[in-house]
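Visitor: Here you go, one structure.
Numbering (the numbering used here), first residue to last: -6 to 640.
Below, the structure is given as structure tokens:
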């Protein structure tokens, strides 16, 4: 670590120079070197986040390293985080001296050598090419599209994700070469804690963890509460199915999160911070530990940081994977060594939090916004988004969609643009049905509301919520009753059990959903009557849980059922009254018939049927005895003529 150079970059003289004014040429030259823009040898950037490694980036990297050694090619291999386009992993960027970076998709151990050989000869293999990165310092490639023009990236505005996939997350030098820690230096040397809180409040930043409470106002509560000790807490306990924003941000740009955390600590008068992160994120934890070690070595953690009189330290606390610990009071209990269970509020954590001291809990994305707000100014952030929802929002796109991954869009972007422009629409040629947004406590939004803007108020109006940013797309093969059952099962298992409405109410709701998806052959005696009786109380039970649960997780637990009931009641009616699953998902409600015109009488289905429910002579159309059929679907799997009709 070039400590002397990095401290020059944090000097008051350097950070206060006006934008556009020529700075020290020698210092600027050294900064460009840290960015690898002056590299004299080829540089290979491998997308080595969890998603990339899962797709085979490690094996690809091994093959690349072996090839370079064997051919005695002097080059650098740099591991970077995820740039967001997870569906095209593994990703490889190649930067030749003086030229802009090229980015290639689906680069595996089998094709990496071929791609590298062609690029080294200045012959670009277009079949794997995504584009080139724009640069003011390097010569562009001719007739190669820019990555910013790709439909996945074009509508995005990357504040939080601006470095992810571009810089080495283990290098504090590279982070600082891209402007890192200048916001912290400016904060400590030129601003008071009240001015920092005012700036964040003026920006309009709201908590990105789901609640949407104004961040600056939250900080002021803690700042104005007198105490000898205060705490900042970064909530990285990402428990929603389909959500991976926090993990990717920390893996790709851990210093941004730390810088935001330190600025927040200064703003509220805290001297200690905890990062509460899931133990299931080993790569994120490793990169976070490395980043903390680097900032401590540079003197940005500890006592009297940058001679400002500000003392600050950061401790990592690993969570055990309890979903309820995403709730801030349960998270506090977990840090204290207690069982993770919510407590009634008030008092709020900003007044009485960790160890009964004033504490502020912000999630990863909220803190990652802070350096940009301080660096570019509150007005720049407030100009993005809508009147009540400012800035950008990071979403994790998953489910039945062409391009899965991490996206950052301005607030107010429509769901349609997110799903069909950025995400490329529904995969496998199927029809769009709904998006599940906001995690297990969120709601489903149908096609007729795809044009609503993505902001806190608009989503609430259609029975959904922003949540932390998980967004799952479902197609016409998805049963909405089964989807609601999946999320209710998750919520019921993750309930802490402290309050009766959540503990018992979610269990009863799950049982009702199980009853709805049950066939007649599973019923005996008065089961059919009990079934109808329980269904009549489903909505009433959901409202009671919302009104009487202790914490926000319990209060939002019925949302998957209520939103699917609101927009897909016809599917519930088909399950309840006709005992049919139109999507063909609920096994006990599926019936099978044989198309006599397609059936060739091969007898394979009859031989494989476990209950001998299929009859027919050889080379003659067969038929199914419904009373004996158990709905296992074996006949569908073994039929070579697509003669089985599923109803």
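C-beta atoms are modelled at their ideal positions from N, C-alpha and C, and glycine is treated no differently.
Could you tell me the alpha carbon to alpha carbon distance between residue 652 and residue 77, rounded to whole angstroms?
Guide: Here the chain has residues from -6 to 640 only, and residue 652 is not among them.
Visitor: From what residue to what residue does the beta strand (DSSP E) around residue 389 run?
Guide: Within the chain shown, numbered from 1, the residue matching residue 389 stands at position 396. From DSSP, the beta strand (DSSP E) with residue 389 extends over 385 to 392.
Visitor: If you run the structure through DSSP and keep just helix, strand and coil, what is residue 357?
Guide: For the purposes of this step, residue 357 is taken as residue 364 along the chain shown, with counting starting at 1. Helix.
Visitor: Quick one: Cα of residue 57 to Cα of residue 590, how far?
Guide: Counted from its first residue, the chain shown places residue 57 at position 64. Counted from its first residue, the chain shown places residue 590 at position 597. When rounded, the distance between both Cα atoms is 55 angstroms.
Visitor: Kindly indicate which three-state DSSP category residue 409 falls into: helix, strand or coil?
Guide: The count along the chain shown starts at 1 and reaches residue 409 at position 416. Of the three classes helix, strand and coil, the one that applies to residue 409 here is helix, per DSSP.
Visitor: Cβ of residue 575 within 9 angstroms of Cβ of residue 586?
Guide: The residue given as residue 575 occupies position 582 in the chain shown. The residue given as residue 586 occupies position 593 in the chain shown. No. Outside cutoff.
Visitor: Helix, strand or coil for residue 128 per DSSP?
Guide: On the chain shown, position 135 is the one that residue 128 refers to. Residue state, collapsed to three classes: coil.
Visitor: Determine the contact status of residue 333 and residue 545, defining contact as a CB-CB distance below 9 angstroms.
Guide: Taking the chain shown and counting its residues from 1, the one referred to as residue 333 is at position 340. Taking the chain shown and counting its residues from 1, the one referred to as residue 545 is at position 552. No, Cβ-Cβ distance for residue 333 and residue 545 is not below 9 angstroms.
Visitor: Could you tell me the alpha carbon to alpha carbon distance between residue 195 and residue 377, rounded to whole angstroms?
Guide: Residue mapping note: residue 195 aligns to position 202 of the chain shown, counting from 1. Residue mapping note: residue 377 aligns to position 384 of the chain shown, counting from 1. Rounded to the nearest angstrom, the two C-alpha atoms are 13 angstroms apart.
Visitor: Closest to residue 359 by C-alpha separation, out of 312, 385, 558, would be which residue?
Guide: Position 366 of the chain shown, counting from 1, holds the residue named residue 359. The candidate whose alpha carbon is nearest that of residue 359 is 385.
Visitor: Which runs of the alpha helix (DSSP H) at least 4 residues long sit entirely within the region 65 to 113? Give them in chain order.
Guide: 105 to 113
Visitor: With a threshold of 16 other CB atoms inside 10 Å of the CB of residue 149, please say whether the residue is buried or exposed.
Guide: Against the chain shown, residue 149 aligns to sequence position 156. Classification of residue 149: buried, given that the 10 Å Cβ count is 16 or more.
Visitor: Can you give me the Cβ contacts of residue 336 inside the same chain, cut-off strictly under 7 angstroms, excluding the 5 residues immediately before and after it?
Guide: Reading the chain shown from its first residue, position 343 is the one you call residue 336. Excluding sequence neighbours, residue 336 sits near 322.
Visitor: Measure the CB-CB distance between residue 126 and residue 140 and report whether it falls below 9 angstroms.
Guide: Position 133 of the chain shown, counted from the start, is the residue given in the question as residue 126. Position 147 of the chain shown, counted from the start, is the residue given in the question as residue 140. Yes, the pair counts as a contact, with Cβ atoms nearer than the cut-off.
Visitor: Alpha carbon to alpha carbon, how far is residue 580 from residue 531? Give it in angstroms, no decimals.
Guide: As a first step, residue 531 is located in the chain shown; it is residue number 538 there, counting from the start. As a first step, residue 580 is located in the chain shown; it is residue number 587 there, counting from the start. For residue 531 and residue 580, the distance between alpha carbons rounds to 22 angstroms.
Visitor: When the Cα atoms are used, what is the spatial distance from residue 548 to residue 468?
Guide: Indexing the chain shown from 1 puts residue 548 at position 555. Indexing the chain shown from 1 puts residue 468 at position 475. In a straight line, the C-alpha of residue 548 is about 28 angstroms away from that of residue 468.
Visitor: Can you list, in chain order, the stretches of the beta strand (DSSP E) that have 3 or more residues and sit fully within the region 122 to 176?
Guide: Runs found: 122 to 125.
Visitor: Any contact of the region 84 to 103 with the region 122 to 136, i.e. 3+ C-beta pairs under 8 angstroms?
Guide: Touching, per the Cβ criterion.
Visitor: Whole angstroms is fine: what's the gap from residue 372's alpha carbon to residue 528's?
Guide: Your numbering for residue 372 matches position 379 in the chain shown. Your numbering for residue 528 matches position 535 in the chain shown. In a straight line, the C-alpha of residue 372 is about 52 angstroms away from that of residue 528.
Visitor: Taking 8 angstroms as the limit between beta carbons, can you name the residues of its chain near residue 405, skipping five residues before and five after?
Guide: For the purposes of this step, residue 405 is identified with residue 412 of the chain shown, where counting begins at 1. Excluding residues within five positions, the ones whose Cβ falls inside 8 angstroms are 378, 379, 382, 446, 447, 448.
Visitor: Any idea what DSSP makes of residue 439, helix, strand or coil?
Guide: Position 446 of the chain shown, counted from the start, is the residue given in the question as residue 439. Strand.
Visitor: Going by DSSP, what residue range makes up the beta strand (DSSP E) through residue 271?
Guide: Within the chain shown, residue 271 is the residue found at index 278, counting from 1. 265 to 271 is the extent of the beta strand (DSSP E) around residue 271.
Visitor: When the Cα atoms are used, what is the spatial distance from residue 620 to residue 502?
Guide: Taking the first residue of the chain shown as 1, we reach residue 620 at position 627. Taking the first residue of the chain shown as 1, we reach residue 502 at position 509. Distance between the alpha carbons of residue 620 and residue 502: 30 angstroms.
Visitor: Would you kindly report the start and end of the unbroken beta strand (DSSP E) that includes residue 38?
Guide: As a working note, residue 38 is residue 45 in the chain shown. Its beta strand (DSSP E) spans residues 36 to 40.
Visitor: Have a look at the DSSP bridge pairing and note the partners of residue 427.
Guide: Translated into positions along the chain shown, residue 427 becomes position 434. For residue 427, which the question treats as bridged, DSSP gives the partners 439, 467.
Visitor: In the DSSP assignment, find the unbroken alpha helix (DSSP H) run with residue 483 in it and report its ends.
Guide: One-based indexing of the chain shown puts residue 483 at position 490. That run of the alpha helix (DSSP H) goes 473 to 487.
Visitor: Report all residues from its chain with a CB closer than 7 angstroms to the CB of residue 634; omit the five preceding and five following residues, and keep chain order.
Guide: Translated into the one-based positions of the chain shown, residue 634 becomes position 641. The residues are 591, 592, 593.
Visitor: Smallest Cα separation from residue 459: which of 89, 566, 435, 227?
Guide: To locate residue 459, count along the chain shown from 1; it is residue 466. Checking every option, the nearest Cα to that of residue 459 belongs to 435.
Visitor: Which value, in whole angstroms, describes the spacing of the CA atoms of residue 639 and residue 628?
Guide: Reading the chain shown from its first residue, position 646 is the one you call residue 639. Reading the chain shown from its first residue, position 635 is the one you call residue 628. One C-alpha to the other measures close to 10 angstroms.
Visitor: Does the region 509 to 527 come close enough to the region 174 to 183 to have 3 or more Cβ pairs within less than 8 angstroms?
Guide: no
Visitor: Threshold first: 4 residues or longer. Then list the alpha helix (DSSP H) segments lying entirely within the region 290 to 373, N to C.
Guide: 321 to 328, 357 to 369
Visitor: Do you know whose CA, among 438, 543, 509, lies nearest residue 488's CA?
Guide: Taking the chain shown and counting its residues from 1, the one referred to as residue 488 is at position 495. For the residues 438, 543, 509, the minimum Cα distance to residue 488 belongs to 543.
Visitor: Between residue 516 and the rest of its own chain, which residues show a CB-CB distance below 8 angstroms, the 5 nearest in sequence each way excluded?
Guide: In the chain shown, counting from the first residue as 1, residue 516 sits at position 523. The answer, listed in chain order, is 524.
Visitor: Smallest Cα separation from residue 193: which of 375, 509, 396, 426?
Guide: On the chain shown, residue 193 is found 200 positions in, with the first residue counted as 1. That would be 375, whose Cα lies nearest to the Cα of residue 193.
Visitor: Whose C-beta lies closer than 6 angstroms to the C-beta of residue 388 among residues of the same chain, with five residues either side of it excluded?
Guide: On the chain shown, residue 388 is found 395 positions in, with the first residue counted as 1. These residues qualify, in order along the chain: 400, 462, 464.
Visitor: When DSSP builds the beta bridges, which residues end up paired with residue 607?
Guide: Your numbering for residue 607 matches position 614 in the chain shown. Note: residue 607 sits in a beta bridge opposite 617.
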